[in-house]
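*Asks:* Sharing a structure below in C-alpha cells format, with a few things to ask.
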Amino acid sequence: MKNYKIAVLPGDGTGPEVVAEGLKVLAAAAAKYGFTYETVSYNWGGENYLATGVTLPENFKEELEKYDAVFLGAIGHPKVKPGILEKGILLKLRFALDQYINLRPVKLYPGVETPLANKGPEDIDYVVVRENVGDVYCGLGGVSGQGTKQEIALQDMVYSYFQVERCLRYAFEEVRRRHSRENPWRGLKPEDLKAGKIGQLTLCGKTNVLTYVFGLWDRVFHELAAEYPDVKLDYCHVDATCMWMVKNPECFDVIVTGNMFGDIITDLAAVTSGGMGVAAGGNINPNGVSMFEPIGGSAPKYTGLGVINPLAAIGAVAMMLDFLGEAPAARAIEASIAYVTGNKLKSVAAGKMGYSTSEVGDLVVENLR
Ligand code: IPM
Ligand code: MN
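Per this note's numbering, the sequence shown starts with residue 1483, numbered consecutively.
Below, the structure written as C-alpha cells:
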C-alpha cells in the first residue's frame, strides 16, 4: 500500500477551517481507495510572524523536501503590511522549491452560478498553465530618487530560454494528460480531428508590444510544436484572452502564459467559474515537492464563523491526489464536489451555502463513490 507524507500549512484566517475539511475528505478517500498517508502541520503564517518576527524558519526548504506534497490553506493577515507574507512565505516557497508551474483549472461545476450569460459547465472547462517563478516576480529592478519627484522605478520582466522551454513543455504535456485520440477536446473541428489533433494549446502573450519576452515564448512555442503534432496551436494576446474568456470561454482548452499575465487572467477565470470559494491550484515542480492550495486567500472577515466554502481546498486535495498518482480517488472527489454543488448547495458564496463549512465537508465525504 502506498503511503504519502504530506506537509500541511493551514496558514491564516479561514485557511485552517478549509484545510480541516480538505483533510476530512482526504481521510475518506484514503479509506476508500486504499492508500495511507501521514501529515505534519506547520504554523507558518501571519500569526506566527506577528509573534516571532519570522516568516519561514532557516531550514524550511530541507524540511519540506522530506514530503511528497504540501497542502496549503491561506497566507495573509490584516495586521501585517502587504508584501511581507506574500514575498516572505508564499513566493519564497514557490521559488525555493522551484515550483515552476502554477496549474489552475477553470471548471464550472453544475449548479454553480456564473456571471457569464448563457454559459454552462460544458462551456467553461479549461486549464491555465501559469509560469510560476519568472517574469516581474523575479525581483530584478530597482529604484532611484525614491520619494522625490525624480523617482524612477523599474521592475523587470525577465525570462530565460530554460524557464520558457520547461513551462511550455509542461503545457504541451498537459494537453496530452487531458485528452487522447479516444477522448479529444470537444472544441476541435472535423479537419483538426482528421489531422490527428487531440487538444489545443493557446499561448497567451503580448507579442505586439513585449517583443523581446514574448518573442522568445512564441519562438520556443513553435520549436516545441514539432514534437507535439497532436496538439493544435493557438495564440492570443493577453488583452484579447480576457475578452474571449468572458465572451467565448468554450474556445479554450489549455492556456499557457507568463507569471504576471497568469496571475491576472486566473482571477478573471476564477470569477467566471463560481469565484474564490471553488478555485483550486497547484504549484508544481514535476521533479520535486509540489504545493496545492485553494486560491481564495485568507478571507479575514469570515474567520472562525464556519461560513467559508471549503470546496476550493477540497478541490486542491483532489489535485494533490491526482499529482501523487491516485487518479481514481481524485476523480471521485471531483465527482462528489459536482454532486454537492449540483444538488445540495444554495450558493457557493461564503455564508450563503445553506450549510456550514464543516457540513459541506461532510456532504463531500457522504457522496464519495
Ligand atoms: C496568487 C496570488 C499571489 C501571486 C500573491 C499573494 C503573491 O495573487 O497566488 O495568485 O501574485 O502569485
Ligand atoms: Mn493572484
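All C-beta atoms in this analysis are idealised placements derived from N, C-alpha and C, irrespective of residue type, glycine included.
Can you tell me the Cα-Cα spacing of ARG1658 and ILE1680, whole angstroms?
*Replies:* Against the sequence shown, residue 1658 aligns to sequence position 176. Against the sequence shown, residue 1680 aligns to sequence position 198. In a straight line, the C-alpha of ARG1658 is about 7 Å away from that of ILE1680.
*Asks:* Measure the alpha-carbon distance for ASP1716 versus GLU1520 and round it to whole angstroms.
*Replies:* By one-based count along the sequence shown, residue 1716 stands at place 234. By one-based count along the sequence shown, residue 1520 stands at place 38. Their backbone Cα atoms lie some 42 Å apart in a straight line.
*Asks:* Taking 8 Å as the cut-off, is the C-beta of ASP1617 nearer than that to any heavy atom in ligand 2?
*Replies:* Start at 1 with the first residue of the sequence shown, and residue 1617 comes out as number 135. ASP1617 Cβ: outside cutoff for every heavy atom of ligand 2.
*Asks:* Could you check the C-alpha separation between GLU1613 and LEU1845 for me, to the nearest Å?
*Replies:* Looking up residue 1613 in the sequence shown gives position 131. Looking up residue 1845 in the sequence shown gives position 363. Those two C-alpha atoms are separated by around 34 Å.
*Asks:* So, with DSSP's three-state summary, where would you put SER1838?
*Replies:* Position 356 of the sequence shown, counted from the start, is the residue given in the question as residue 1838. Of the three classes helix, strand and coil, the one that applies to SER1838 here is coil, per DSSP.
*Asks:* Note the first and the last residue of the continuous beta strand (DSSP E) segment covering GLY1763.
*Replies:* Numbered from 1 along the sequence shown, position 281 holds the residue referred to as residue 1763. Element bounds for GLY1763: 1762 to 1766.
*Asks:* What are the boundary residues of the alpha helix (DSSP H) that includes CYS1733?
*Replies:* In the sequence shown, residue 1733 corresponds to position 251, counting from 1. Taken as a continuous stretch (DSSP letters only), CYS1733 belongs to no alpha helix (DSSP H), as it is neither H nor E.
*Asks:* Measuring CB to CB, does VAL1501 end up less than 9 Å from SER1772?
*Replies:* Against the sequence shown, residue 1501 aligns to sequence position 19. Against the sequence shown, residue 1772 aligns to sequence position 290. For VAL1501 and SER1772, no; Cβs fall outside 9 Å.
*Asks:* With hydrogens ignored, establish whether the beta-carbon of GLU1604 is closer than 8 Å to any heavy atom of ligand 1.
*Replies:* Stepping through the sequence shown from its first residue, residue 1604 is reached at position 122. No, ligand 1 has no heavy atom inside 8 Å of this Cβ.
*Asks:* From the DSSP output, which residues share a beta bridge with GLU1775?
*Replies:* What you label residue 1775 is simply residue 293 of the sequence shown in a count that begins at 1. Bridge partners of GLU1775: GLY1763.
*Asks:* Going along the chain, which residues of its own chain have a beta-carbon closer than 7 Å to the beta-carbon of GLY1623, five neighbours each way excluded?
*Replies:* By 1-based counting over the sequence shown, the position of residue 1623 is 141. The answer, listed in chain order, is LEU1636, GLN1637 and ASP1638.
*Asks:* Say yes only if the C-beta of THR1748 is nearer than 8 Å to one or more non-hydrogen atoms of ligand 2, and no if none qualify.
*Replies:* Within the sequence shown, numbered from 1, the residue matching residue 1748 stands at position 266. Indeed, a heavy atom of ligand 2 lies less than 8 Å from the Cβ.
*Asks:* Quick one: what does DSSP say ILE1790 is sitting in, helix, strand or coil?
*Replies:* Taking the first residue of the sequence shown as 1, we reach residue 1790 at position 308. Coil, per DSSP.
*Asks:* So what's ASP1638 in DSSP terms, helix, strand or just coil?
*Replies:* Reading the sequence shown from its first residue, position 156 is the one you call residue 1638. In this structure, ASP1638 counts as coil in the three-state DSSP scheme.
*Asks:* With burial defined as no fewer than 16 other Cβ atoms inside 10 Å of the residue's Cβ, what is the status of LYS1714: buried or exposed?
*Replies:* Working through the sequence shown from its first residue, we reach residue 1714 at position 232. Buried.
*Asks:* Indicate the three-state DSSP secondary structure (helix, strand or coil) for ALA1809 in the structure shown.
*Replies:* Locating residue 1809 in the sequence shown gives position 327, counting from the first residue. Helix, per DSSP.
*Asks:* For ligand 1, any of its heavy atoms closer than 8 Å to the Cβ of LYS1569?
*Replies:* Within the sequence shown, residue 1569 is the residue found at index 87, counting from 1. LYS1569: yes, Cβ under 8 Å from ligand 1.
*Asks:* Beta-carbon within less than 8 Å of PRO1768's beta-carbon, same chain only, minus the 5 sequence neighbours each way: which residues are those?
*Replies:* By 1-based counting over the sequence shown, the position of residue 1768 is 286. Same-chain partners within the cutoff: ILE1583 and TYR1652.
*Asks:* Buried or exposed for ASN1791, going by 16 or more other Cβ atoms inside 10 Å?
*Replies:* Walking along the sequence shown from the start, residue 1791 turns up at place 309. Taking every protein chain shown into account, the CB of ASN1791 has 16 or more other CB atoms within 10 angstroms, so this residue is buried.
*Asks:* Determine the closest residue to ASP1550 out of LYS1484, PRO1539, VAL1618 and LEU1750, with distance taken between C-alpha atoms.
*Replies:* Here residue 1550 refers to the residue found at position 68 of the sequence shown. Closest option to ASP1550, Cα to Cα, is LYS1484.
*Asks:* Report yes if the CB atom of ALA1677 is closer than 9 Å to the CB atom of THR1496, and no otherwise.
*Replies:* Within the sequence shown, residue 1677 is the residue found at index 195, counting from 1. Within the sequence shown, residue 1496 is the residue found at index 14, counting from 1. Going by C-beta atoms, ALA1677 is not nearer than 9 Å to THR1496.
*Asks:* Take the Cβ of PRO1776 as the centre, count every other Cβ of all protein chains shown within 10 Å, and call the residue buried at 16 or more, exposed below.
*Replies:* Taking the sequence shown and counting its residues from 1, the one referred to as residue 1776 is at position 294. By the Cβ-count criterion, PRO1776 is buried, with 16 or more other Cβ atoms from all chains shown falling within 10 Å of its own Cβ.
*Asks:* Quick one: residues in its chain with C-beta nearer than 8 Å to the C-beta of GLY1787, no 5 flanking neighbours on either side, listed in chain order?
*Replies:* Counted from its first residue, the sequence shown places residue 1787 at position 305. Residue identity check: residue 1787 is Leu in the sequence provided, not Gly. The residues are GLY1833.
*Asks:* Measuring only between beta-carbons, confirm whether ILE1766 sits less than 9 Å from chain D.
*Replies:* Included in the structure is just one protein chain, with no chain D present.
*Asks:* GLY1786: beta carbon under 8 Å from a heavy atom of ligand 1?
*Replies:* Numbered from its first residue, the sequence shown carries residue 1786 at position 304. Not under cutoff, so the answer is no.
*Asks:* Taking the continuous alpha helix (DSSP H) assigned at HIS1719, which residues delimit it?
*Replies:* By one-based count along the sequence shown, residue 1719 stands at place 237. Going by DSSP, HIS1719 is part of no alpha helix (DSSP H) but of the beta strand (DSSP E) stretching over 1713 to 1719.
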